[in-house]
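In the numbering used here, the protein residues as written are 1 to 157.
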């Protein structure tokens, strides 16, 4: 069965691209100069952390031969590596990249966009994916949720 066009474009990389374009547009329309050179430095670090985290997560998923496609059917539940520190490393990476862009381009007015982006990811992608994982992996998924935070954090009990 073929997927409708909107499902091909309703994916986090497209949403991230749109959000980055909006941040850049804010920068072009109203440059602030509030964060200064330190903001650029912190923004670059956040962006680099996001890219590194995304690469690590995609690498783990590739190695495990499971899907990286939202709404795809996962073959295995990955709970180690970066997935031992966050249940959503790719989405967290997206938020880090967007936050880095806000600081790099010095657009404090776009800070609410980061929160909106995070909430959009959670409702459009994270919660539905968790339902699929819960149905497919049951007790293993429940144990993972007890050990690992949705966005960040590890319970070391």
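Using N, Cα and C, we set each Cβ at its ideal position, and we do this for glycine too.
Asked	Found
Among 70, 50 and 81, which has the Cα closest to the Cα of residue 63?	81
By Cβ distance, which residues of its chain are closer than 6 Å to residue 76, with the 5 residues on each side in sequence left out?	64 and 66
Using three-state DSSP, classify residue 80 as helix, strand or coil.	coil
Would residue 93 pass as a contact of residue 127 if the rule is Cβ separation under 7 Å?	no
How should residue 61 be labelled, buried or exposed, when 16 other C-beta atoms within 10 angstroms of its C-beta is the threshold for buried?	buried
With respect to the alpha helix (DSSP H) encompassing residue 68, which residues constitute its N-terminal and C-terminal limits?	Note, residue 68: premise wrong, no alpha helix (DSSP H); not H, not E.
Here's a check: name, in chain order, each residue in its chain whose Cβ is nearer than 6 Å to the Cβ of residue 97, leaving out the five neighbours to either side.	47 and 50
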